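Enquirer: Have a look at the structure that comes next, please.
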Amino acid sequence: MIGYYLRIALIGLRVNPVLTLVIALAIGVGIGACMTMVTIVHATSQDPVPGKSSRLFYVQMDAGDPSNPPTTEADLPKQLTYMDAMALIREAPAALQTATAGTSGVLEAPDPEIRPLPVNGRGVHGDFFTMFNVPFQFGGGWTSEADKSGELVAVISKKQNQLFFGGANSVGESLRYDGHVFRIAGVIGDWSPTPKFYSLITYALGPIEEIFHPFGAIANLELRRRGNTNCWTPVDVSNIDAFLNSECTWVQVWAQLDTAEEQSNYSRFLDDYALTQQQMGRFGRPINNPIHNLTDWIAFVEMEFYNEGVYLILTIAVLFLIVCLLNSTGLLLSKFLSRSSEIGLRRALGASRPQLFTQFLVESAWIGVVGGLLGLFFSWLGLRGILFLFSNEEAIQLLVQMDEQIVAMTIGLAISCTLLTALYPIWRASGISPARQITS
Amino acid sequence: MKSFFAIGPILRALARHKTRTVFVVIQMAFTLGVVVNCFTLLTNRVEVMQRPTGLEENDLFSFRVTAINSAFNPKTAVLEDLDYLRSNPGVVAATQTNTMPLSGSGWSMTVSSAGHDSDEGININATKYMMDVQGTDTTGIKIVAGRSFTREDVYWSSENPNPPNILISSALANILFPDVETDDIVGKPIFHSDTSQTIVGIYERLQVPWPSVTQNEYVSMIVPQQLDWTSYLYLVRTLPGLSEKLMPEIEDALYRMNSSRLVRDMRTFSETRDMGYLVDNTITVMLAVTMSMLLVVTSFGVAGLATFSVRQRYKQIGIRRALGAERSDIAFYFLVEISLITAIAMSIGTLIAFGISVLLVQAFEFPLLNVFHLALGWLGVWLIGLLATWGPAHKASRIDPAIATRTL
Numbered sequence: 000m001i002g003y004y005l006r007i008a009l010i011g012l013r014v015n016p017v018l019t020l021v022i023a024l025a026i027g028v029g030i031g032a033c034m035t036m037v038t039i040v041h042a043t044s045q046d047p048v049p050g051k052s053s054r055l056f057y058v059q060m061d062a063g064d065p066s067n068p069p070t071t072e073a074d075l076p077k078q079l080t081y082m083d084a085m086a087l088i089r090e091a092p093a094a095l096q097t098a099t100a101g102t103s104g105v106l107e108a109p110d111p112e113i114r115p116l117p118v119n120g121r122g123v124h125g126d127f128f129t130m131f132n133v134p135f136q137f138g139g140g141w142t143s144e145a146d147k148s149g150e151l152v153a154v155i156s157k158k159q160n161q162l163f164f165g166g167a168n169s170v171g172e173s174l175r176y177d178g179h180v181f182r183i184a185g186v187i188g189d190w191s192p193t194p195k196f197y198s199l200i201t202y203a204l205g206p207i208e209e210i211f212h213p214f215g216a217i218a219n220l221e222l223r224r225r226g227n228t229n230c231w232t233p234v235d236v237s238n239i240d241a242f243l244n245s246e247c248t249w250v251q252v253w254a255q256l257d258t259a260e261e262q263s264n265y266s267r268f269l270d271d272y273a274l275t276q277q278q279m280g281r282f283g284r285p286i287n288n289p290i291h292n293l294t295d296w297i298a299f300v301e302m303e304f305y306n307e308g309v310y311l312i313l314t315i316a317v318l319f320l321i322v323c324l325l326n327s328t329g330l331l332l333s334k335f336l337s338r339s340s341e342i343g344l345r346r347a348l349g350a351s352r353p354q355l356f357t358q359f360l361v362e363s364a365w366i367g368v369v370g371g372l373l374g375l376f377f378s379w380l381g382l383r384g385i386l387f388l389f390s391n392e393e394a395i396q397l398l399v400q401m402d403e404q405i406v407a408m409t410i411g412l413a414i415s416c417t418l419l420t421a422l423y424p425i426w427r428a429s430g431i432s433p434a435r436q437i438t439s
Numbered sequence: 000m001k002s003f004f005a006i007g008p009i010l011r012a013l014a015r016h017k018t019r020t021v022f023v024v025i026q027m028a029f030t031l032g033v034v035v036n037c038f039t040l041l042t043n044r045v046e047v048m049q050r051p052t053g054l055e056e057n058d059l060f061s062f063r064v065t066a067i068n069s070a071f072n073p074k075t076a077v078l079e080d081l082d083y084l085r086s087n088p089g090v091v092a093a094t095q096t097n098t099m100p101l102s103g104s105g106w107s108m109t110v111s112s113a114g115h116d117s118d119e120g121i122n123i124n125a126t127k128y129m130m131d132v133q134g135t136d137t138t139g140i141k142i143v144a145g146r147s148f149t150r151e152d153v154y155w156s157s158e159n160p161n162p163p164n165i166l167i168s169s170a171l172a173n174i175l176f177p178d179v180e181t182d183d184i185v186g187k188p189i190f191h192s193d194t195s196q197t198i199v200g201i202y203e204r205l206q207v208p209w210p211s212v213t214q215n216e217y218v219s220m221i222v223p224q225q226l227d228w229t230s231y232l233y234l235v236r237t238l239p240g241l242s243e244k245l246m247p248e249i250e251d252a253l254y255r256m257n258s259s260r261l262v263r264d265m266r267t268f269s270e271t272r273d274m275g276y277l278v279d280n281t282i283t284v285m286l287a288v289t290m291s292m293l294l295v296v297t298s299f300g301v302a303g304l305a306t307f308s309v310r311q312r313y314k315q316i317g318i319r320r321a322l323g324a325e326r327s328d329i330a331f332y333f334l335v336e337i338s339l340i341t342a343i344a345m346s347i348g349t350l351i352a353f354g355i356s357v358l359l360v361q362a363f364e365f366p367l368l369n370v371f372h373l374a375l376g377w378l379g380v381w382l383i384g385l386l387a388t389w390g391p392a393h394k395a396s397r398i399d400p401a402i403a404t405r406t407l
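For the protein sequence lines, the chains are A and B, in the order given.
Read in numbering that gives the first Met the number 0, the first sequence has 316 at position 317, and its numbers run on one by one without any break.
Read in numbering that gives the first Met the number 0, the second sequence has 71 at position 72, and its numbers run on one by one without any break.
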């Protein structure tokens, strides 16, 4: 019976192929526009550290300007001062913690034939790699002993390893960063977090840094920093000691807190620390030290920082889809109603209303499938178009990938939208009384 | 009797085919709503992208110098480089700088018109540009009061990060000293926490480095510094038309002069501008594409329904022709019909357009749509309706009067 309906539906479609194609196109274009935007938003909302995102916490402490109090949560300083970050690393009760800040410098390979390359770096503690489940192709990270001793050890990206060592196992080799010699402890495997959740508020989109080095090296070697620095008191940033002891915020701190008890202990530690600092004349604002887990932090930052263009275009795309669907309904109406004589004839021959209803539903489903395939094509086209407008930037390439979920969603959305819009036309068409069609 | 504008019969005919009419009206109304809003957003984006930076943007290029290793001596390198650049016959002026408008990254700090202990000062966050003695000549900004820098004003950044004499933009001047004549603002001090600097000159405008800032985007100041950092920018102004030729020459010469540093990201200012507005440009293109596709899709929808409408009235048309109607009467009938539908749709569509616009204003703080855009939208949708109906109307006018005599 199902086969019969499927066959008859295909015949129905062939009655007026142009009209059918136009309907499928209208749906395809609308779905394509929507899914282009959905793909981009989807690419940036993947669970960053599956299984752990709720246990990794971003630490904020409000040590800001007391004469300029915050009015909303968004006004709280998004980073910490060097002094506070180091105090947390030393004393806060967490199994694993890391401070992090971006650096930039020139990497030189051991092979003098290879040209030196200006790169982005990131200072982290050894716990970083464990906390964020960073996959390694060769070797691994370093231990907290290395952090404490100031050893110059580094982890490089797969791409950098390819450039400098031809992709071979370079563990144990050394390279120069900003003129200082670092020994390679590990090479990262395939890892393209989008966005770079560990540094959401600075350079979140784009490929990972080429070199990860100990956080201590930033101060010890006076590496060039890359990121946001906010100082509410004047300080000479070129005097390293003055800078490290200032109220300038430029460090991000993450802690892994597995149980609710650990989380409340940590929060209590933060508040006690702030109290002690207040007694020494710092932390002039009311004590406020929120900790957000990774999932919440991403949601919070996204609302503030994401180029509103994305949400805007998504809204426009949905409205566009609505118009396309309205058009489809109208076109489906003319398609079905133009077969009134055929419908009347079949009803006169004994077809029941539900039977006709089902047949037209199947026809619409077919249109939905074609519309979905066209939608896939149009959204692929749209994503390529966006990539082109951004001149193939690496960061954007990661955003415009369509995975299986997106493909399934496209087809599913197309079929369900088509069925929805077809309901009224089908209801009208299957209700045509045979008598009026037979006469004349 | 000509029946061009016999609206009555047309309306009655529409009323008899309510469903079809309602569909076209809704389609056109929604299309108007979305198209007008797209257009408003598009023009807003274009406005944002066309803001002047304050720089003389032609014949201007920039590049970054980054130290490779500790052999790099900033002070000697900077003086050598500037010497080389400024002695080049094609170069009008060259300056060191920390950043540029539309580059995406920069410095800002809170400044005040009164000292730390005074309650009366006005505070505002201002962008800090650091340039040397040829800063104003290279950028091409206009001094509207006071003077520009002299050699004596410029200090090495490591020796004095708070030079006594600075320049500020007229936007910053007006905010800090709202009721004072521009010429009288020259000579006043400007405070940052406990330090103060003297305003020796005011320039017309210089935009902040962040393209997405649309409030107070001309609040900036220029501090006279020679930067002895390990990474900084040079800004170079050439004689008209010479940039393209000089850029590779200069890059090569600088690279050969000093191997302890990298010269990179050499680009004209118009390239910097394009990069800075990349996202806005993309959004503009996407809005334009969406608008066009919307109109195309709607025209298909209207054409489809018009075809259907014609087919439904084969006999009626045949009868009218047999009774003496001209071909043009028939075609006109359908065009008038679509125009009436358009009129009804526009009134509903206007409500939809405002509805969407209000939502956008609340959610994204975009500007509300204006009447000019609305009028353009009406015109556009009406034209689409006419164009889409033209084909079926023409076919209808060719219907043979003999149809009237047939029964099927």
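Backbone N, C-alpha and C define an ideal beta-carbon position, used for all residues, glycine too.
This structure is a prediction, so every number in the text was calculated from the model and none was measured.
1. Does any C-beta atom of chain A lie closer than 7 angstroms to the C-beta of Tyr233/B?
2. Assign Ser143/A to buried or exposed, taking buried as 16 or more other Cβ atoms, counted over all protein chains shown, within 10 Å of its Cβ.
3. Could you work out which residues of chain A lie near His191/B, taking near to mean beta carbons separated by less than 7 angstroms?
4. In chain order, which continuous runs of the alpha helix (DSSP H) of length 4 or greater are located wholly inside the segment 261-333 of chain B?
5. Taking the DSSP output, what are the residues bridged to Lys127/B?
6. For Thr333/B, which of Pro208/B, Arg312/B, Ile347/B and Leu78/B has the nearest alpha-carbon?
7. Taking just the CA atoms, how far does Pro16/A sit from Ile1/A?
8. Answer yes or no: does any C-beta atom of chain B fall closer than 7 angstroms to that of Ala428/A?
9. Roughly how many whole angstroms lie between the Cα atoms of Ala12/B and Leu339/B?
10. What residues of chain B sit near Ala32/A, judged by a beta carbon separation below 7 angstroms?
11. Do Gln251/A and Gln78/A have their beta-carbon atoms positioned less than 7 angstroms apart in this structure?
12. Any C-beta of chain A within less than 9 angstroms: which residues of the segment 159-189 of chain B qualify?
13. Keeping to the same chain, check which residues put their C-beta closer than 8 angstroms to that of Met0/B; ignore five residues upstream and five downstream.
14. Measuring alpha carbon to alpha carbon, tell me which residue in Asn227/A, Leu412/A and Ser266/A is nearest Gly27/A.
15. Determine the burial state of Met256/B: buried for a count of at least 16 other Cβ atoms within 10 Å of its Cβ, exposed for fewer.
16. For the segment 24-34 of chain B and the segment 259-274 of chain B, state whether three or more C-beta atom pairs, one from each stretch, are separated by less than 8 angstroms.
17. Could you tell me whether the segment 160-170 of chain B touches the segment 241-259 of chain B, where touching means 3 or more Cβ pairs closer than 8 angstroms?
18. Can you tell me whether Gln206/B is helix, strand or coil according to DSSP?
19. When the Cα of Tyr197/A is compared with those of Ile210/A, Ile297/A, Gln262/A and Ile431/A, which residue comes out closest?
20. I need the straight-line Cα distance from Glu260/A to Thr289/B, nearest angstrom please.
21. Which whole-angstrom value is the C-beta distance of Phe190/B and Gly120/B, which I expect to be below 8 angstroms?
22. Tell me where the alpha helix (DSSP H) around Glu470/A begins and ends.
23. Can the beta-carbon of Arg175/A be found closer than 7 angstroms to that of Glu107/A?
24. Please list, in chain order, the residues of the segment 67-97 of chain B that have any C-beta partner in chain A closer than 9 angstroms.
25. Hey, quick one: how far does the alpha helix (DSSP H) through Val123/A stretch, first residue to last?
26. Buried or exposed for Gln26/B, please, with buried defined as at least 16 other CB atoms from any protein chain shown within 10 angstroms of its CB.
27. In the DSSP assignment, find the beta strand (DSSP E) that holds Asn159/B and state where it starts and stops.
28. Residues of chain A with a CB under 8 angstroms from the CB of Met130/B: which are they?
29. What does a CB cutoff of less than 8 angstroms around Asn229/A pick up in its chain, not counting 5 residues either side in sequence?
30. Taking Ile10/A as the reference, which of Val317/A, Gln358/A and Val105/A has the closest Cα?
31. For the candidate residues Asp58/B, His16/B and Gly7/B, whose alpha-carbon lies nearest to that of Leu245/B?
32. Rounded C-beta distance between Thr65/B and Val105/A? I'm assuming under 8 angstroms.
33. Just checking, does the segment 402-411 of chain A make contact with the segment 360-374 of chain A on the three C-beta pairs under 8 angstroms criterion?
34. Is it buried or exposed, Glu364/B, if we count other Cβ atoms within 10 angstroms and call 16 or more buried?
35. What are the start and end residues of the beta strand (DSSP E) that includes Glu403/A?
36. Which stretch, first to last residue, makes up the beta strand (DSSP E) that contains Pro213/A?
Expert: Looking at the atomic coordinates:
1. no
2. exposed
3. Pro233
4. Within the segment 261-333 of chain B, the complete alpha helix (DSSP H) runs of at least 4 residues are 268-275, 277-311 and 313-321.
5. DSSP lists Met220/B as partners of Lys127/B.
6. The displayed chain sequence assigns Phe, not Thr, to residue 333/B. For the set Pro208/B, Arg312/B, Ile347/B and Leu78/B, the Cα lying nearest the Cα of Phe333/B is the one of Arg312/B.
7. 23 angstroms
8. no
9. 12 angstroms
10. Thr289
11. yes
12. Pro160 and Asn161
13. At Met0/B the pLDDT is 45, less than 50, meaning the model places this residue with poor confidence; the figure from the coordinates comes in the next sentence. Once the five neighbours on either side are set aside, Met0/B has no close Cβ partner at all.
14. Leu412/A
15. exposed
16. no
17. no
18. DSSP places Gln206/B in coil when its eight states are reduced to three.
19. For Tyr197/A, the closest of Ile210/A, Ile297/A, Gln262/A and Ile431/A by C-alpha to C-alpha distance is Ile297/A.
20. For Glu260/A and Thr289/B, the distance between alpha carbons rounds to 52 angstroms.
21. Beta-carbon to beta-carbon, Phe190/B and Gly120/B are separated by about 7 angstroms, close enough to satisfy the 8 angstroms threshold.
22. No information on residue 470/A is available, as it lies outside the stretch 0 to 439 that chain A covers here.
23. Cβ atoms of Arg175/A and Glu107/A: closer than 7 angstroms.
24. Ile67, Asn68, Ser69, Ala70 and Phe71
25. From DSSP, Val123/A is part of no alpha helix (DSSP H) but of the beta strand (DSSP E) over Leu116 to Val123.
26. Result: buried.
27. Note, Asn159/B: premise wrong, no beta strand (DSSP E); not H, not E.
28. Scanning chain A for C-beta atoms nearer than 8 angstroms to the C-beta of Met130/B yields nothing, as the closest lies near 17 angstroms away.
29. Pro76, Gln78, Cys247, Thr248 and Trp249
30. Gln358/A
31. Among Asp58/B, His16/B and Gly7/B, the Cα nearest to that of Leu245/B is on Asp58/B.
32. 6 angstroms
33. yes
34. Around the C-beta of Glu364/B, fewer than 16 other C-beta atoms lie within 10 Å, and the residue is accordingly described as exposed.
35. Taken as a continuous stretch (DSSP letters only), Glu403/A belongs to no beta strand (DSSP E), being part of the alpha helix (DSSP H) at Glu403 to Ser429.
36. Ile210 to Pro213
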